[in-house]
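Undergrad: Okay, here's the structure, questions in a sec.
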Amino acid sequence: MNSISANLNIMIKASEKASKILIRDFGEIEKLQVSKKSQRDFVTNADLKVEKIIIEELEKARPNFSFISEERGLKKNKDIDHTWVIDPIDGTNNFLHGVPHFAISIALISFNEIISGLIFDPIKDEIFFAEKDKGAFLNNQRIKVSKKKDIDECLFAIGENLKRDPGFLSRKSGCAALDLAYVAAGRYDGYFQKKLNLWDIASGILLVREAGGIISDIDLNNLKNLNIIASNSNINKEFQKKLPNF
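Residues in the sequence shown are numbered consecutively from 2, following the working numbering.
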């Protein structure tokens, strides 16, 4: 693989440090004999702790960069042209119920363009990452979107409760970041979802593009209510035709 940038190296180190807390707290979830509200409070605390560690590590290295994060929102610093986009736990409901399918997501936007993205699944120890014009990788191995051409042979990730049979095989995983990472890695052939937040998908957008996939154009100035369709190029048109009400 190509050598990674200093910024991506910072992102990797921050996510690895934060993941230690996340793994520990995930191990405690199944031991909690408390009400759902107390469990949710526990998860919120885990979110805050992980986010705090990530921000602290990023700020040490790049003190002037701005932030967009799930818990803290937008924070403009001296450098408004470079912004970290952070989701400390994407797939919170999975985490809450002891389902090992969630991820840390960190992206870097430079002059209104995503230039670096990382999605780290700490339970499976899988780090998906990409940099603009450098390709997409999983644990240092290059990844590509699938090459399937027949939509009947494809598997799609969805984030919607479908009102009718869409005419293709689909799964709902509850983690948008990993859904996009899996499209980039060719595990899923496509993905669609409505009303997402920028921190859910910023890293995944770059991953899919750098892995050779097609993904919706996203206005990076909008933080919420984003709709996304991603797939390989062979099936993109047919996939979109099967989503007339999207």
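Virtual Cβ for every residue (Gly too), placed ideally from N, Cα, C.
Near Ser111, which residues of its chain fall below 7 Å by C-beta distance, leaving aside the five closest residues on each side in sequence?
TA: Excluding sequence neighbours, Ser111 sits near Asp82, His83.
Undergrad: Taking only three categories from DSSP, how would you classify Glu161?
TA: coil
Undergrad: Quick check on Lys18: does DSSP put it in helix, strand or coil?
TA: Assignment of Lys18 by DSSP, reduced to helix, strand and coil, places it in the helix class.
Undergrad: Locate the beta strand (DSSP E) running through Val86, then write down its first and last residues.
TA: 80–91
Undergrad: Counting C-beta neighbours from all protein chains within 10 Å, is the total for Ala7 16 or more, i.e. buried, or is it exposed?
TA: When all chains shown are included, Ala7 counts as exposed.
Undergrad: Which residue marks the beginning of the beta strand (DSSP E) containing Tyr183, and which one marks its end?
TA: Where Tyr183 is concerned, there is no enclosing beta strand (DSSP E), although the alpha helix (DSSP H) it sits in stretches over 177–185.
Undergrad: For Leu49, which residues of its own chain have a beta-carbon under 7 Å away from its beta-carbon, when the five flanking residues on both sides are left out?
TA: Glu72
Undergrad: Assess contact between the region 210–218 and the region 156–166, defined as three or more Cβ pairs (one per stretch) separated by less than 8 Å. Is contact present?
TA: No, the region 210–218 is not in contact with the region 156–166.
Undergrad: If we call anything under 8 Å between Cβ atoms a contact, is Gly187 one with Lys145?
TA: Between Gly187 and Lys145, the CB-CB gap stays under 8 Å.
Undergrad: Taking C-alpha atoms, which residue in Ser174, Lys79, Leu75, Asp80 lies nearest to Ile87?
TA: In terms of CA proximity to Ile87, Leu75 leads the group Ser174, Lys79, Leu75, Asp80.
Undergrad: Can we say the region 122–134 touches the region 232–240, given the rule of at least three CB pairs closer than 8 Å?
TA: no
Undergrad: If distances are taken between C-alpha atoms only, which option among Ala62, Asn65, Ser70 comes closest to Lys53?
TA: Ser70
Undergrad: Could you please give the first and the last residue of the uninterrupted alpha helix (DSSP H) stretch that includes Ser106?
TA: No alpha helix (DSSP H) contains Ser106, which is instead part of the beta strand (DSSP E) from 104–111.
Undergrad: With a cut-off of 8 Å on the beta carbons, I'd call Asp166 and Asp91 a contact; round off their distance for me.
TA: So it is not a contact: roughly 28 Å between Cβ atoms.
Undergrad: Assuming Phe240 is part of the alpha helix (DSSP H), what are its boundary residues?
TA: First-last of the alpha helix (DSSP H) with Phe240: 237–242.
Undergrad: Using DSSP's beta-bridge definition, name the partner residues of Glu132.
TA: Ser117, Gly136
Undergrad: According to DSSP, what are the bridge partners of Phe27?
TA: Note: Phe27 sits in no beta bridge, so no partner.
Undergrad: Excluding the 5 residues preceding and the 5 following Asp180 in the sequence, name in chain order all residues of the same chain whose CB lies nearer than 8 Å to its CB.
TA: Ala158, Gly160, Ser174, Tyr189, Tyr192, Gln194, Gly205
Undergrad: What do you reckon, are the CB atoms on Ala19 and Ile105 nearer than 8 Å?
TA: Between Ala19 and Ile105, the C-beta spacing is below 8 Å.
Undergrad: Taking the alpha carbon of Ala182 as the reference point, which residue from Ala137, Leu221, Asn226 has its own alpha carbon closest?
TA: Ala137
Undergrad: For Ile219, which residues in the same chain have their Cβ closer than 8 Å to its Cβ, ignoring the five residues on either side in sequence?
TA: Leu199, Ile202, Ile206, Leu227, Ile229
Undergrad: Our contact map puts Ile22 next to Gly99 with C-beta atoms below 8 Å; I'd like the distance itself, whole angstroms only.
TA: Rounded, the Cβ-Cβ distance is 17 Å, inconsistent with contact.
Undergrad: Starting from the Cα of Ile5, find the closest Cα among Glu60, Asp153, Asn141 and give me that residue.
TA: Asn141
Undergrad: Report the three-state DSSP secondary structure of Leu197 (helix, strand or coil).
TA: strand
Undergrad: Closest to Asn10 by C-alpha separation, out of Leu163, Ala62, Gly28, Asn46, would be which residue?
TA: Ala62
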